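Reading through the structure tokens given below for one structure.
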Amino acid sequence: MDLKDFKVLISEDQIEKRLCELAEQIEKDYEGKEITVICVMRGACFFTVNLTLKIKNPIKFEFIQLSSYEDKTESSGKVRIVNDLRSSIEGKDVLIIEDIIDTGRTMDFLVAYLKHKKPNSLKICTLADKPERRVIEVNADYVGFTVPNKFIIGYGFDFDNKYRNLPYIACLDE
Ligand code: 5GP
């Protein structure tokens, strides 16, 4: 697979516009509060940076890295922590920022893991949602785009750790 096998699904302009809308909604919901953002590495990095630059609330950043597809297009179904949080989130208003909720396994695991750490509140913001693929029920509080059941790359999404830096989201042209 290389770039010629993909077509643009969500343009740079569409992403920019949607990020503004999400930032406005998040600012409203967290009015007067500090937010502890947990960026799920590596896919959500681009989304986290560009979204949070538009949010005026004070934000503390944490990062967690979970196992992902690596060089495959199918999930192994197993989730494990590769790099853990550095600080306590007890009593914090935590917003998880993820790239995509696909089967829901990763988010289900992460929410259960973080709840044990007793945050004051825990919400989920995902750039993309692929509801057709869900095997575990997970609902995000903020969804950038609902996407079809196709493999996507760009704007943080990789194939074989490449293409993350495309400024748009593309899907396999099948
Ligand atoms: P889950 O199936 O557990 O909901 O999603 C696990 C992870 O699979 C996501 O965080 C994301 O990194 C990856 N993933 C799911 N769908 C896609 C996709 O279409 N493209 C890419 N590049 N990664 C995906």
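For my numbering, count along the sequence shown from 1 and bump the result up by 43. For glycine and all other residues, C-beta sits at the position ideal for the given N, C-alpha and C. Keep in mind the model is a prediction, meaning the values are calculated, not measured.
- Message: So, under 8 Å CB-CB, Ile144 and Lys103 are touching, yes? Tell me the CB distance rounded to an integer number of Å.
- Response: What you label residue 144 is simply residue 101 of the sequence shown in a count that begins at 1. What you label residue 103 is simply residue 60 of the sequence shown in a count that begins at 1. Contact flag wrong, Cβ pair sits at about 23 Å.
- Message: Could you compute how far the alpha carbon of Asp184 sits from the alpha carbon of Lys166?
- Response: Translated into the one-based positions of the sequence shown, residue 184 becomes position 141. Translated into the one-based positions of the sequence shown, residue 166 becomes position 123. In a straight line, the C-alpha of Asp184 is about 6 Å away from that of Lys166.
- Message: Ignoring anything shorter than 4 residues, give me the alpha helix (DSSP H) runs that lie fully in the stretch 54-84, in order along the chain.
- Response: Taking only runs of at least 4 residues, the alpha helix (DSSP H) segments lying wholly in the stretch 54-84 are 55-72.
- Query: Taking 8 Å as the cut-off, does the CB of Ile196 come closer than this to any heavy atom belonging to the ligand 5GP?
  - Reply: Counted from its first residue, the sequence shown places residue 196 at position 153. Ile196 Cβ: within cutoff of the ligand 5GP.
- Outcome for Cys214 when other beta-carbon atoms lying within 10 angstroms are tallied against a minimum of 16: In the sequence shown, the residue the question calls residue 214 occupies position 171. Taking all protein chains in view, the Cβ of Cys214 is crowded by 16 or more other Cβ atoms within 10 Å, so the residue is classified as buried.
- Message: Taking the straight line between their C-alpha atoms, what separation do you get for Phe202 and Cys168?
- Response: In the sequence shown, the residue the question calls residue 202 occupies position 159. In the sequence shown, the residue the question calls residue 168 occupies position 125. One C-alpha to the other measures close to 22 Å.
- Item | Start and end residues, beta strand (DSSP E) containing Leu153 | By 1-based counting over the sequence shown, the position of residue 153 is 110. Secondary structure note for Leu153: it is in no beta strand (DSSP E), and the uninterrupted alpha helix (DSSP H) holding it is Arg148 to Lys158.
- Query: For Phe49, which beta-bridge partners are listed by DSSP?
  - Reply: For the purposes of this step, residue 49 is identified with residue 6 of the sequence shown, where counting begins at 1. Phe49 is bridged to Leu215.
- Query: Are the Cβ atoms of Ile107 and Cys88 separated by less than 9 Å?
  - Reply: For the purposes of this step, residue 107 is identified with residue 64 of the sequence shown, where counting begins at 1. For the purposes of this step, residue 88 is identified with residue 45 of the sequence shown, where counting begins at 1. No.
- Query: Which residues in the same chain have their Cβ closer than 8 Å to the Cβ of Ser131, if we skip the five residues on either side of it in sequence?
  - Reply: The residue you call residue 131 lines up with position 88 of the sequence shown. Cβ within range, chain order: Lys160.
- Can you give me the Cβ contacts of Met44 inside the same chain, cut-off strictly under 7 Å, excluding the 5 residues immediately before and after it? Locating residue 44 in the sequence shown gives position 1, counting from the first residue. Once the five neighbours on either side are set aside, the close Cβ partners of Met44 are Phe202.
- Message: For a test of your reading of the model: does the CB of Leu109 fall under 8 Å from any non-hydrogen atom of the ligand 5GP? Yes or no.
- Response: In the sequence shown, the residue the question calls residue 109 occupies position 66. Within the cutoff, so yes.
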